[in-house]
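Peer 1: To convert, note that position 33 of the sequence shown is 33 in this note's numbering; the numbers rise steadily by one, no gaps.
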Amino acid sequence: MIKNMKKEGFSKSIFALSNKLNVKTFIFQNKEESDYEK
């Protein structure tokens, strides 16, 4: 039971981390594209 809870919390934190990274790369790509258009 404790193992399952730990696993769930671990995957949730990894999911949150990857979401943050995705948002950062998305913003970075948009910045690069708008700079390139100028």
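We treat Cβ as the ideally placed atom computed from N, Cα and C, and that holds for glycine.
#1: Just how far apart, CA to CA, sit I4 and K31?
#2: Which value, in whole angstroms, describes the spacing of the CA atoms of L17 and F10?
#3: Rounding to the nearest angstrom, what Cα-Cα distance links S45 and K6 in this structure?
#4: Just the Cα atoms here: how many angstroms apart are K20 and I14?
Peer 2: Taking the structure as given:
#1: As a working mapping, residue 4 is identified with position 4 in the sequence shown. As a working mapping, residue 31 is identified with position 31 in the sequence shown. The displayed chain sequence assigns Asn, not Ile, to residue 4. Cα to Cα, N4 sits roughly 41 Å from K31.
#2: As a position in the sequence shown, residue 17 is number 17, starting the count at 1. As a position in the sequence shown, residue 10 is number 10, starting the count at 1. Answer to the nearest angstrom: the Cα atoms are 11 Å apart.
#3: Because the chain is modelled from 1 through 38, residue 45 falls outside the range shown and cannot be assessed.
#4: Taking the first residue of the sequence shown as position 1, residue 20 is located at position 20. Taking the first residue of the sequence shown as position 1, residue 14 is located at position 14. Distance between the alpha carbons of K20 and I14 is about 10 Å.
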